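Chemist: For what it's worth, the numbering used here labels the leading residue of the sequence shown as 687, then goes sequentially.
Yeah, the Cβ is synthetic: ideal placement off N, Cα and C, and Gly gets one too.
Just so you know, these numbers come straight off a predicted model, no measurement behind them.
Attaching a single structure in structure tokens format; questions to follow.
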Amino acid sequence: MFRALFSLLLALGSLIAQANSHPDPATLRSLAEHPYWIALGHYEKPLIGGWRSYVDDPDFFLSDQGEHSPLAELEATLEALHADPGLADQHAQCRYPSRTRWLREQLALTELPAVTCAEYAAWYADIDPHSTVLVFPDAYLNSPSSMFGHTLLRIDSPDMQDNGTALLSYALNFGAMVEQMDNSMLYAWKGLAGGYPGQFSLLPYRDKISEYSSLENRDLWEYRLDLTPEETGRLVEHVWELRQIRFDYFFFDENCSYRLLELLEIARPGLRLIDQFPLTAIPADTVRAVKDAGMISSVNYRPSREKELLARAQPLSSRELVLARELAADTALLEDPAFQQLPAERQALIQETSYRLLRYQAVNRERDSDNAARSYQLLQAINRNPPPRLEIPTPPLPEDGHESRTWQLALGSLDGRDFAEYGLRMAYHDLNDNLDGFPLGAQIELGKLRVRQYEGNHWQLQELGLISIRSLTPRHALLKPWSWQVETGLERVAGKDGRQRLVGHLNGGGGFSWRLNDELLAYSLATLRVEHHPDFAAALSPAAGFDAGLLWRNGAGNLLLEASADYFHNGEIRRHIGLTQQLELDRNLGLRLSARRQFSQLDTPRNEVMLQLRWYHY
687 MFRALFSLLL ALGSLIAQAN SHPDPATLRS LAEHPYWIAL GHYEKPLIGG
737 WRSYVDDPDF FLSDQGEHSP LAELEATLEA LHADPGLADQ HAQCRYPSRT
787 RWLREQLALT ELPAVTCAEY AAWYADIDPH STVLVFPDAY LNSPSSMFGH
837 TLLRIDSPDM QDNGTALLSY ALNFGAMVEQ MDNSMLYAWK GLAGGYPGQF
887 SLLPYRDKIS EYSSLENRDL WEYRLDLTPE ETGRLVEHVW ELRQIRFDYF
937 FFDENCSYRL LELLEIARPG LRLIDQFPLT AIPADTVRAV KDAGMISSVN
987 YRPSREKELL ARAQPLSSRE LVLARELAAD TALLEDPAFQ QLPAERQALI
1037 QETSYRLLRY QAVNRERDSD NAARSYQLLQ AINRNPPPRL EIPTPPLPED
1087 GHESRTWQLA LGSLDGRDFA EYGLRMAYHD LNDNLDGFPL GAQIELGKLR
1137 VRQYEGNHWQ LQELGLISIR SLTPRHALLK PWSWQVETGL ERVAGKDGRQ
1187 RLVGHLNGGG GFSWRLNDEL LAYSLATLRV EHHPDFAAAL SPAAGFDAGL
1237 LWRNGAGNLL LEASADYFHN GEIRRHIGLT QQLELDRNLG LRLSARRQFS
1287 QLDTPRNEVM LQLRWYHY
């Protein structure tokens, strides 16, 4: 009797467990459309309907239809969770801990087989997630891939709260898998077109500090988030599911920042951060979105190695800077009577500047025994005569700068013909734009459109710019960087019979910039240009020329005085001189006054003045 009753209870329990493991179709459909399941599968709804996952790797899905069907992937996951526990680390419970946890909670899956996930357990214990820091490496002017900035996450363990150092923490990064032979221009093109796969990587944070601060000379901003240990754990849990999983990588939308916002929505469901970025996801804009969501509890600033070098060198005279450079090359000068006669405080500043210069020069070079010996000698001298503590003022926060998209409304006159002009720039910043949060001399523009309406309701496409980058990095007594620019798109230029022609062009150049004082930058670049002009006999016409100017940061905003010329192989000479002043009315509002005079062999000189209202709005 007792044995029969026991068997009946076992059978009943089995039936209940089976019922729980196979929920009804309505429940399955509801779960498949749940925002959290959609987030776990990185699904979106395309314009044509249905579903599509951002994940471009079939290894991520358990169902053959999983990329386009959240329901099919849910059903396949439920079936896989009940598989033979002997699969161990290859079991779905081990491969998909986030899915397992969530489905267990939603469906009360108490009957799931017990699976030992040794590999995942060891990996998770090594990270020991407790808190999360959003890290923003600032823009670096001399690299196209770095001019937008970048974002990554730092995962801190409980020990970090005790020892106060983040060097042992892990950095979670999403980036393009770049082929080593690709140059900067090819990198920029493939990044725009989605020519690279992207993957998540987890590595020691000290390695990322070295990469960004030392190798790429980028300031680091660390934003501590208010995620709880449980929320941080959910984030890391999902990262395990994305190991070695490929996504398509695009510079301006499906990039590092977009992927990290997805992870934050896994950590804290209901944030809906990615809904704010349907077209582009500029890193500074995503930081601002996280801040506006109230998730940032504190901010820490880490200056780059270059910033520290220049800050230490700033109080030195021209002669002392020369001496610092000579000392870095020959430490025997430490014993030179001329050096010994200097006041002790000046010796201290020169010695540390030399040491920082030597360490800066050693970056990206093979270890050199002579260099190491000079560094050691300088370090000994610094220990005997230490300089004052280096204090670097914290610059304006990157997220406090203007938003990346710009709407433009202008009134102007071209040789007495009045016009109204309407414009849109998808991203990001030019030399005259409101400066807070941006470095002086940086420009990167994407998707620039200008349309003019002349008197008599005559409409004309004035410009369709694809991309424009200008990097005016000033030279210094210690550092000698290049300045450069590149631009391509359609623009109006002088043609025959007084007509303005729309031409396709590609131009670029390189040269030097000099910081005359803290607010004044001068530059001079040699340029090359290729364009398709309807009035020229050749399909493509090359030209050589120059671009020079002054950029002045004044009390009202930025003033740019610029002169340029192009000398074509067919005899055409095109020159222009322009003056532009931006008035910064508000963080996201500017008023720009410009005047230009253009010269061409094909046309008479033309004068243009314009008053433009610029609204920065994402």
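So, for Glu-1340: in the same chain, excluding its five sequence neighbours on each side, which residues have a beta-carbon less than 8 Å away from its beta-carbon?
Modeler: For the chain, the structure presents residues 687 to 1304; residue 1340 sits outside this window and is missing.
Chemist: Give me whichever residues DSSP pairs with Asn-1256 in a beta bridge.
Modeler: Walking along the sequence shown from the start, residue 1256 turns up at place 570. Note: Asn-1256 sits in no beta bridge, so no partner.
Chemist: Output the boundary residues of the alpha helix (DSSP H) element that contains Gln-1298.
Modeler: As a first step, residue 1298 is located in the sequence shown; it is residue number 612 there, counting from the start. That residue, Gln-1298, is in no alpha helix (DSSP H); its beta strand (DSSP E) goes 1289-1302.
Chemist: Under three-state DSSP, which class holds Pro-1084?
Modeler: Counting from one through the sequence shown, the residue named residue 1084 turns up at place 398. Three-state DSSP puts Pro-1084 in a helix.
Chemist: Could you compute how far the alpha carbon of Phe-1198 sits from the alpha carbon of Gln-1171?
Modeler: Position 512 of the sequence shown holds residue 1198. Position 485 of the sequence shown holds residue 1171. Going from the Cα of Phe-1198 to the Cα of Gln-1171 covers about 11 Å.
Chemist: Checking 8 Å against the spacing of the C-beta atoms, do Arg-1261 and Pro-1220 come in under that value?
Modeler: Position 575 of the sequence shown holds residue 1261. Position 534 of the sequence shown holds residue 1220. Contact flag unset, no.
Chemist: What did DSSP end up calling Met-1112 once you bin it into helix, strand or coil?
Modeler: Taking the sequence shown and counting its residues from 1, one reaches residue 1112 at position 426. Reduced to three states, the DSSP call for Met-1112 is strand.
Chemist: Would you kindly work out how many angstroms separate the C-alpha atoms of Gly-1175 and Phe-1285, rounded to a whole number?
Modeler: Within the sequence shown, numbered from 1, the residue matching residue 1175 stands at position 489. Within the sequence shown, numbered from 1, the residue matching residue 1285 stands at position 599. Answer to the nearest angstrom: the Cα atoms are 21 Å apart.
Chemist: Note the first and the last residue of the continuous beta strand (DSSP E) segment covering His-1218.
Modeler: Against the sequence shown, residue 1218 aligns to sequence position 532. His-1218 -> beta strand (DSSP E) spans 1206-1218.
Chemist: Give the secondary structure of Phe-1285 by DSSP, where H, G and I count as helix, E and B as strand, and everything else as coil.
Modeler: Stepping through the sequence shown from its first residue, residue 1285 is reached at position 599. Reduced to three states, the DSSP call for Phe-1285 is strand.
Chemist: Whose C-alpha, out of Thr-914, Asp-934, Ile-952, is nearest the C-alpha of Glu-927?
Modeler: Counting from one through the sequence shown, the residue named residue 927 turns up at place 241. For Glu-927, the nearest C-alpha among the options comes from Ile-952.
Chemist: How about the stretch 1037-1046 and the stretch 1084-1103: do they share at least three Cβ pairs that are nearer than 8 Å?
Modeler: The stretch 1037-1046 is not in contact with the stretch 1084-1103.
Chemist: With a threshold of 8 Å between beta-carbons, can Pro-783 be considered close to chain D, or not?
Modeler: The displayed structure is made up of one protein chain only, and chain D is not part of it.
Chemist: As an exercise, report each continuous alpha helix (DSSP H) stretch of at least 4 residues that is fully enclosed by the stretch 1092-1172, in chain order.
Modeler: Segments of the alpha helix (DSSP H) lying fully in the stretch 1092-1172: there are none.
Chemist: To the nearest angstrom, report how far apart Pro-732 and Ser-739 are at their CA atoms.
Modeler: To locate residue 732, count along the sequence shown from 1; it is residue 46. To locate residue 739, count along the sequence shown from 1; it is residue 53. Roughly 10 Å separates the two Cα atoms.
Chemist: Could you please give me the residues that DSSP links to Arg-840 through a beta bridge?
Modeler: Walking along the sequence shown from the start, residue 840 turns up at place 154. Per DSSP, Val-819, Ala-857.
Chemist: Can at least three beta-carbon pairs, one atom from the stretch 1109-1116 and one from the stretch 1193-1208, be found at a separation below 8 Å?
Modeler: At 8 Å Cβ cutoff, the stretches do not touch.
Chemist: When the Cα atoms are used, what is the spatial distance from Gly-1333 to Thr-837?
Modeler: The structure shown does not extend to residue 1333, since the chain spans only 687 to 1304, so no value can be given for it.
Chemist: How many Å lie between Ala-1230 and Asp-1116 at the Cα?
Modeler: Sequence index remark: in the sequence shown, residue 1230 carries index 544 (1-based). Sequence index remark: in the sequence shown, residue 1116 carries index 430 (1-based). Each residue's alpha carbon lies about 24 Å from the other.
Chemist: Apply the 10 Å Cβ neighbour rule to Gln-704 and answer buried if 16 or more other Cβ atoms are within range, or exposed otherwise.
Modeler: Within the sequence shown, numbered from 1, the residue matching residue 704 stands at position 18. With a pLDDT of only 45 at Gln-704, under the threshold of 50, the placement of this residue in the model should not be trusted; the figure read from the coordinates follows. That one is exposed.
Chemist: If Arg-1136 sits next to Gln-1148, beta carbons under 8 Å apart, how far is it from one beta carbon to the other, in whole angstroms?
Modeler: Residue numbering aside, residue 1136 sits at position 450 when the sequence shown is read from its first letter. Residue numbering aside, residue 1148 sits at position 462 when the sequence shown is read from its first letter. The pair is a contact, with the Cβ atoms about 4 Å apart (cut-off 8 Å).
Chemist: Please work out which residues of its chain come closer than 7 Å, Cβ to Cβ, to Phe-746, disregarding the five sequence neighbours upstream and downstream, and give them in chain order.
Modeler: Numbered from its first residue, the sequence shown carries residue 746 at position 60. Only Ile-931 meet the Cβ criterion.
Chemist: For Gln-1186, report the span of its beta strand (DSSP E) as first-last.
Modeler: Position 500 of the sequence shown, counted from the first residue, corresponds to residue 1186. That run of the beta strand (DSSP E) goes 1186-1203.
Chemist: Going along the chain, which residues of its own chain have a beta-carbon closer than 6 Å to the beta-carbon of Ile-1263, five neighbours each way excluded?
Modeler: Against the sequence shown, residue 1263 aligns to sequence position 577. Hits under 6 Å: Ala-1249, Arg-1283.
Chemist: Could you check which residue in Leu-1214, Pro-890, Glu-923, Glu-908 has the C-alpha nearest to that of Arg-785?
Modeler: Numbered from its first residue, the sequence shown carries residue 785 at position 99. Of Leu-1214, Pro-890, Glu-923, Glu-908, the residue nearest in Cα terms is Glu-923.
Chemist: Can you look up Glu-1306 in the DSSP assignment and give me helix, strand or coil?
Modeler: Outside the shown range of the chain, which is 687 to 1304, sits residue 1306, and nothing can be said about it.
Chemist: Tell me whether the beta-carbon of Arg-840 lies closer than 8 Å to the beta-carbon of Val-819.
Modeler: Counting from 1 along the sequence shown, the entry for residue 840 is found at position 154. Counting from 1 along the sequence shown, the entry for residue 819 is found at position 133. Cβ atoms of Arg-840 and Val-819: closer than 8 Å.
Chemist: Three Cβ pairs or more, each shorter than 8 Å: is that satisfied between the stretch 1237-1244 and the stretch 1211-1218?
Modeler: Judged by Cβ distances under 8 Å, the stretch 1237-1244 makes no contact with the stretch 1211-1218, as fewer than three pairs qualify.
Chemist: Could you spell out where the beta strand (DSSP E) holding Gln-885 opens and where it closes?
Modeler: Locating residue 885 in the sequence shown gives position 199, where the first residue counts as 1. Segment 882-890, the beta strand (DSSP E) holding Gln-885.
Chemist: Taking contact to mean at least 3 C-beta pairs separated by less than 8 Å, is the stretch 970-979 in contact with the stretch 940-954?
Modeler: The answer is yes - the stretch 940-954 touches the stretch 970-979, with three or more Cβ pairs under 8 Å.
Chemist: Tell me the rounded alpha-carbon separation between Leu-1097 and Tyr-856.
Modeler: Within the sequence shown, residue 1097 is the residue found at index 411, counting from 1. Within the sequence shown, residue 856 is the residue found at index 170, counting from 1. Distance between the alpha carbons of Leu-1097 and Tyr-856 is about 53 Å.
Chemist: Should Met-846 be labelled buried (16 or more other beta-carbon atoms within 10 Å of its own) or exposed?
Modeler: Locating residue 846 in the sequence shown gives position 160, where the first residue counts as 1. Buried is the call here.
Chemist: Checking the sheet assignment: what are the DSSP bridge partners for Arg-1278?
Modeler: Locating residue 1278 in the sequence shown gives position 592, where the first residue counts as 1. According to DSSP, Arg-1278 bridges with Gln-1268, Gln-1298.
Chemist: On the DSSP bridge assignment, give the partners of Pro-1228 in chain order.
Modeler: The residue you call residue 1228 lines up with position 542 of the sequence shown. Val-1216, per the DSSP bridge assignment.
Chemist: Which term fits Met-981, buried or exposed, when burial requires 16 or more other beta carbons within 10 angstroms of its beta carbon?
Modeler: Position 295 of the sequence shown holds residue 981. Buried, because 16 or more other Cβ atoms sit within 10 Å of the Cβ of Met-981.
Chemist: DSSP beta-bridge partners for Leu-1247?
Modeler: The count along the sequence shown starts at 1 and reaches residue 1247 at position 561. For Leu-1247, which the question treats as bridged, DSSP gives the partners Leu-1236, Leu-1265.
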